[in-house]
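Participant:
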Ligand code: PXP
């Protein structure tokens, strides 16, 4: 049976716009509340080491205002671990982070750091956070995630989304095949599978159609669309694209 598919709306880029001028507007917490009302199943926010978009105060504001789960994205650093343990969000997604990158460019190397990451996630799990690993759709990374006891993986859709955007259809199909295979493999070894990064109205369908995928996290495109149609309408349309693809594939 195909399980329901959740939509996590990433509100980082509301903060990007706010920070371009300083001050309080637009407010990411207000955006998160609009997203909840529009049908988001959760809110995702990435507190980066350099605080380029979401701030510490935003995380505190989200924790007190949200009625739906917060998926807190962070690098595996002691500073971020302490913040997560203080707030105890519903979910913590570990992502690789480089200061010079424009966005999260690759997946986390769980296979190369499994001892350290296993120790790192233990207190987060003990605190009740559902820990996920943002990884490439690669068998070794899924195996390592399961080995260290992460209950969830989020497969990086960036290469798929880029191929779609640049009309490289063979590459798109190859990337989709990897995500398809690894979503099935992940579910078979007991992991909950999420997918995210770079998804749009066009590219979301084939991913939403994968029966093992339980959650999509989508931000930049939705916030960009919101400039033209409003956040409520942009989220409802994304939700519709997802639901349609899911229904068509059932
Ligand atoms: N999932 C993860 C783990 C991410 O790091 C990001 C980007 O911050 C997203 C999903 C959302 O990606 P986008 O903003 O491109 O939709």
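Residue numbers (this note's numbering): 1026 to 1275. In this text, a Cβ means the ideal position worked out from N, Cα and C, and glycines have one as well.
1) Who are residue 1140's beta bridge partners in DSSP?
2) Using alpha carbons as the reference points, say which of 1124, 1120, 1099 lies closest to residue 1113.
3) Ignore the nearest five residues each way along the sequence and tell me which others in residue 1238's own chain have a CB closer than 6 Å to its CB.
4) What does the alpha-carbon distance come out to for the pair residue 1123 and residue 1073?
5) In angstroms with no decimal places, state the Cα-to-Cα distance between residue 1226 and residue 1263.
6) If I follow the unbroken alpha helix (DSSP H) through residue 1173, where does it start and stop?
7) Determine the extent of the alpha helix (DSSP H) in which residue 1031 is found, giving its start and end residues.
8) Which residues in the same chain as residue 1260 place their Cβ atom closer than 7 Å to its Cβ, once the five residues preceding and following it in sequence are excluded?
9) Relative to the C-alpha of residue 1038, which candidate in 1029, 1053, 1027 has its C-alpha closest?
10) What are the boundary residues of the beta strand (DSSP E) that includes residue 1157?
11) Does any heavy atom of the ligand PXP sit closer than 6 Å to the C-beta of residue 1140?
12) Taking the straight line between their C-alpha atoms, what separation do you get for residue 1051 and residue 1110?
13) Output the boundary residues of the alpha helix (DSSP H) element that contains residue 1248.
14) Pull up the distance between the alpha-carbon of residue 1133 and that of residue 1090, whole angstroms please.
Facilitator: This is what the structure gives:
1) As a working note, residue 1140 is residue 115 in the chain shown. Note: residue 1140 sits in no beta bridge, so no partner.
2) Residue 1113 sits at position 88 when you count from the first residue of the chain shown. If we check each option's Cα against that of residue 1113, 1099 comes out closest.
3) The residue labelled residue 1238 in the question sits at position 213 within the chain shown. Close CB contacts of residue 1238 within its chain, under the 6 Å cut and outside five residues either way in sequence, are with 1208, 1218, 1220 (chain order).
4) Locating residue 1123 in the chain shown gives position 98, counting from the first residue. Locating residue 1073 in the chain shown gives position 48, counting from the first residue. Whole-angstrom Cα-Cα distance: 9 Å.
5) Here residue 1226 refers to the residue found at position 201 when the chain shown is read from its first residue. Here residue 1263 refers to the residue found at position 238 when the chain shown is read from its first residue. Approximately 6 Å, taken between the alpha carbons.
6) Numbered from 1 along the chain shown, position 148 holds the residue referred to as residue 1173. 1164 to 1173 is the extent of the alpha helix (DSSP H) around residue 1173.
7) As a first step, residue 1031 is located in the chain shown; it is residue number 6 there, counting from the start. Note, residue 1031: premise wrong, no alpha helix (DSSP H); beta strand (DSSP E) at 1031 to 1035.
8) For this step, residue 1260 is matched to residue 235 along the chain shown. Counting only Cβ-Cβ distances below 7 Å, and skipping sequence neighbours, we find 1034, 1060, 1063, 1064, 1065, 1247.
9) For the purposes of this step, residue 1038 is taken as residue 13 along the chain shown, with counting starting at 1. The option with the nearest alpha carbon to residue 1038 is 1053.
10) Counting from one through the chain shown, the residue named residue 1157 turns up at place 132. Taken as a continuous stretch (DSSP letters only), the beta strand (DSSP E) holding residue 1157 covers 1155 to 1160.
11) As a first step, residue 1140 is located in the chain shown; it is residue number 115 there, counting from the start. The answer is no for residue 1140.
12) Locating residue 1051 in the chain shown gives position 26, where the first residue counts as 1. Locating residue 1110 in the chain shown gives position 85, where the first residue counts as 1. Take the alpha-carbon of residue 1051 and the one of residue 1110: they are about 28 Å apart.
13) Start at 1 with the first residue of the chain shown, and residue 1248 comes out as number 223. Counting along the chain, the unbroken alpha helix (DSSP H) around residue 1248 starts and ends at 1245 to 1254.
14) Position 108 of the chain shown, counted from the start, is the residue given in the question as residue 1133. Position 65 of the chain shown, counted from the start, is the residue given in the question as residue 1090. Each residue's alpha carbon lies about 30 Å from the other.
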